[in-house]
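Take 250 as the starting number for the sequence shown in the working numbering and just add one per residue.
The structure under discussion appears below in the form of structure tokens.
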Amino acid sequence: MIDHASFDSLIDDFLHDEFEESPLLASGLGLTDYDERLDDLSAEAFARRATDAQVWLGRFESTGEDELAPEQRIDRGLAIATLRGRSIMADWQAWRRDPLTYSSPILQGVFNLFLHRLRPETDLVDAAVARLEQAPRTLEQGIANLDPALAHPLIVERALGAAKGGRRYVRELLASDVEEGPNRERLAAAGAGAGDAFDGWISHLEQLRDRAHGDWQLGEERYTRLLREKEALKDDARSLRDRGQAEYDRLDSEMRTLAGEARGNEDWRAVLEQANEDHPRTEEEMRGAYEEWTERARAFLADTQLVSFPADERCVVEPSPVFQRPVIGVASYMSPPGFSDSMLGHFFVPFAPDGASEEEIQKRLAANSHGGIPTTAVHEAYPGHHWHLSISKGQARRLRKVFGTPYFSEGWALYAERVMRERGFFTDPLHELYHLEATLFRAARIVVDTSLHMGEMTHDEAVTYMTTKVPLPEPTARAEVGRYCWWPTQASAYLTGCLEILRMRDRFLEAEGVTGGPADAPVETIRAFHDRLAGSGRLPLGLAERALMGEEA
Numbered sequence: 250m251i252d253h254a255s256f257d258s259l260i261d262d263f264l265h266d267e268f269e270e271s272p273l274l275a276s277g278l279g280l281t282d283y284d285e286r287l288d289d290l291s292a293e294a295f296a297r298r299a300t301d302a303q304v305w306l307g308r309f310e311s312t313g314e315d316e317l318a319p320e321q322r323i324d325r326g327l328a329i330a331t332l333r334g335r336s337i338m339a340d341w342q343a344w345r346r347d348p349l350t351y352s353s354p355i356l357q358g359v360f361n362l363f364l365h366r367l368r369p370e371t372d373l374v375d376a377a378v379a380r381l382e383q384a385p386r387t388l389e390q391g392i393a394n395l396d397p398a399l400a401h402p403l404i405v406e407r408a409l410g411a412a413k414g415g416r417r418y419v420r421e422l423l424a425s426d427v428e429e430g431p432n433r434e435r436l437a438a439a440g441a442g443a444g445d446a447f448d449g450w451i452s453h454l455e456q457l458r459d460r461a462h463g464d465w466q467l468g469e470e471r472y473t474r475l476l477r478e479k480e481a482l483k484d485d486a487r488s489l490r491d492r493g494q495a496e497y498d499r500l501d502s503e504m505r506t507l508a509g510e511a512r513g514n515e516d517w518r519a520v521l522e523q524a525n526e527d528h529p530r531t532e533e534e535m536r537g538a539y540e541e542w543t544e545r546a547r548a549f550l551a552d553t554q555l556v557s558f559p560a561d562e563r564c565v566v567e568p569s570p571v572f573q574r575p576v577i578g579v580a581s582y583m584s585p586p587g588f589s590d591s592m593l594g595h596f597f598v599p600f601a602p603d604g605a606s607e608e609e610i611q612k613r614l615a616a617n618s619h620g621g622i623p624t625t626a627v628h629e630a631y632p633g634h635h636w637h638l639s640i641s642k643g644q645a646r647r648l649r650k651v652f653g654t655p656y657f658s659e660g661w662a663l664y665a666e667r668v669m670r671e672r673g674f675f676t677d678p679l680h681e682l683y684h685l686e687a688t689l690f691r692a693a694r695i696v697v698d699t700s701l702h703m704g705e706m707t708h709d710e711a712v713t714y715m716t717t718k719v720p721l722p723e724p725t726a727r728a729e730v731g732r733y734c735w736w737p738t739q740a741s742a743y744l745t746g747c748l749e750i751l752r753m754r755d756r757f758l759e760a761e762g763v764t765g766g767p768a769d770a771p772v773e774t775i776r777a778f779h780d781r782l783a784g785s786g787r788l789p790l791g792l793a794e795r796a797l798m799g800e801e802a
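Structure, rendered in structure tokens:
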């Protein structure tokens, strides 16, 4: 038996422990008292966290639901799903496999300070210097922990590119984030010291890459457990792959029809290949095009009143961070810190990595053609990630600002593309075709991600699948498949989440007495669905349905 106040205290204690173990998490949420610290990434710390997760899981599981309020029951479910996910992955020991475990916190931890600027500049420099001075310790912990018998060369190579970009960031670029004077000098000196640590790190990774002989296949059983216990889904890995293949086939047929009607050629690949020639010629031109379509999407939402806008929200469109470019070749988004007053989100446009040839830059620009930019702007900004995370920032409960799942957030962003098509935002059939291609791409991701981790598709077979079925340029396909190997189950999140949200919408509209489908629903009913579901946070999909529908789910 536990009363409402005691359960809220339990949540507070849990979050306190989380923030002490991961000051980087706390700082990223806007809790500035943690800004000077990096996480302890020693083997002992990972063992301690695994033990703590089991203890907390036992505490939440032993807390009965009967005496809790409905929203507390959902919070309990979120805590349990999060901790079960950790338990499932504990013996996988990603911290012994993936070098990004060690370099990313340093780079992201410093970058975020100046991105969000929640404190005066001198305080930000103090915090950044403190973190940079801890960089050697963090990288030394990585050198001690990484195991060539578990690490895979592909994963190490991915981290090596990020490390080289990160070294340039701390040595050459970081200090320009502050005004000239003593603060810049202090930051430059600390960056130089961290750069020296990255020299040794890069040398170690080059050796590790040559010695690594581990595996990245998660396995069918573990994949299925994550789907069911962490994501609150009914699918197993194999049925999810079947679902992805069925959606791929359906979308392929729809695209053939649309391409035939719009261009007189049912070969949609040929139509899009030709359309890709109409692309920005420079990276800055690409950024400007994304900015224009972001503004158009917001204006469309304001005119149609499909969503409610949080006060003071704003989204800026910027080049991707230098250290992310080798590992993230597509557009991305970073939300305002959950516990801060800021409502400023950042939409990052995929600039090429340092040293990229002009040919590679042009290939990347072709992958961001003028016809495809509108649907990506919708996905990343309005009413996709930026709008979702802005409205949930003001409405979601405390625990839900800390934890969530890409199965909701990425599912929502793909649903956002769908609803904007339904409501007439894409007035050019080519824009619709690119939207369908983006959805088909997510279906292909499900097929490849599940097949890779069930051991039924090799890396090279996956690259071939993505170059022929989507199709992607080979460098992009290799980056994509490397991402699936590195981050199992995430690639399946987009379309899986979208399909579940569409099913929830049907159920919500039926409960509201709407007949005839979404197109016949009053705009205020659609807006209520959007505001309520997106405002609940980034919950596992089964819990999101309970938040939307109540205890009937």
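Beta carbons: idealized from backbone N, C-alpha and C, even for Gly.
Look up residue i in the DSSP assignment and say whether it is helix, strand or coil.
i, result
"Tyr582", "strand"
"Val697", "helix"
"Val304", "helix"
"Asn394", "helix"
"Thr625", "helix"
"Leu555", "coil"
"Glu801", "Because Glu801 sits at a pLDDT of 49, beneath the cut-off of 50, its placement in the model cannot be relied upon, and the following sentence gives the value as read from the coordinates. Glu801 falls in the helix class under three-state DSSP."
"Gln494", "helix"
"Val419", "helix"
"Arg316", "The sequence given here places Glu at residue 316; Arg does not occur at that position. If DSSP states are grouped into helix, strand and coil, Glu316 belongs with coil."
"Phe360", "helix"
"Trp736", "coil"
"Glu269", "helix"
"Tyr472", "helix"
"Thr725", "helix"
"Asp677", "coil"
"His708", "helix"
"Glu794", "helix"
"Gly509", "helix"
With a Cβ-Cβ cutoff of 8 Å, do residue i and residue j count as a contact?
i, j, result
"Phe596", "Ala630", "yes"
"His702", "Gly620", "no"
"Leu685", "Glu503", "yes"
"Tyr497", "Ala616", "no"
"Val566", "Tyr539", "yes"
"Ser589", "Ser581", "no"
"Gly762", "Leu403", "no"
"Asp284", "Ser276", "yes"
"Met583", "Leu788", "no"
"Ala770", "Glu671", "no"
"Trp542", "Leu682", "no"
"Cys564", "Gly587", "no"
"Ala524", "Ser606", "no"
"Val419", "Phe447", "yes"
"Gly410", "Pro602", "yes"
"Ala439", "Val520", "no"
"Thr725", "Gly604", "no"
"Glu428", "Glu370", "yes"
The beta strand (DSSP E) that contains residue i, what's its start and end?
i, result
"Arg574", "Careful: Arg574 lies outside any beta strand (DSSP E) and carries neither H nor E."
What residues match up with residue i in a beta bridge as DSSP calls it?
i, result
"Leu593", "Arg563"
"Val598", "Pro568"
When you measure from the CB of residue i to every non-hydrogen atom of the ligand FAD, does any distance come out below 7 Å?
i, result
"Thr624", "With respect to the ligand FAD, the structure shown offers nothing to examine, as it has no ligands at all."
Which residues bound the alpha helix (DSSP H) around residue i?
i, result
"Met338", "319 to 338"
"Pro348", "First-last for Pro348: undefined, no H or E at that position."
"Ala740", "Note, Ala740: premise wrong, no alpha helix (DSSP H); not H, not E."
"Pro431", "431 to 460"
"Gln644", "634 to 644"
"Ile775", "772 to 784"
"Ala662", "655 to 671"
"Asp288", "Looking at the DSSP string, Asp288 is not in any alpha helix (DSSP H), and its letter there is neither H nor E."
"Ala481", "Per DSSP, Ala481 belongs to no alpha helix (DSSP H) and is neither H nor E."
"Leu614", "607 to 615"
"Val810", "This structure leaves residue 810 out entirely; the chain is present only between 250 and 802."
"Leu648", "647 to 651"
Give a yes or no on whether the minimum CB-CB distance between residue i and chain C is below 8 Å.
i, result
"His684", "Of the protein chains in the structure, only one exists, and it is not chain C."
Three CB pairs or more closer than 8 Å across the segment 440 to 452 and the segment 476 to 491: Taking a cut-off of 8 Å on C-beta distances, the segment 440 to 452 does not touch the segment 476 to 491, as fewer than three cross pairs fall below it.
Evaluate the contact criterion for the segment 655 to 664 versus the segment 735 to 749: three or more CB pairs, one atom per stretch, below 8 Å. With the rule of 3 Cβ pairs closer than 8 Å, the segment 655 to 664 counts as touching the segment 735 to 749.
Say whether the segment 630 to 643 touches the segment 779 to 794, bearing in mind that this needs 3 or more beta-carbon pairs closer than 8 Å, one atom from each stretch. The segment 630 to 643 vs the segment 779 to 794: in contact.
Is the segment 292 to 309 in contact with the segment 330 to 345, if contact means three or more CB pairs nearer than 8 Å? Cβ pair count under 8 Å is three or more, so yes.
Can at least three beta-carbon pairs, one atom from the segment 694 to 708 and one from the segment 499 to 518, be found at a separation below 8 Å? Touching, no, given that fewer than three Cβ pairs across the two stretches are closer than 8 Å.
Touch check for the segment 349 to 364 and the segment 385 to 403: three-plus C-beta pairs under 8 Å? Contact holds: three or more Cβ-Cβ distances are below 8 Å.
Are three or more beta carbon pairs between the segment 551 to 558 and the segment 646 to 660 nearer than 8 Å? Not touching, per the Cβ criterion.
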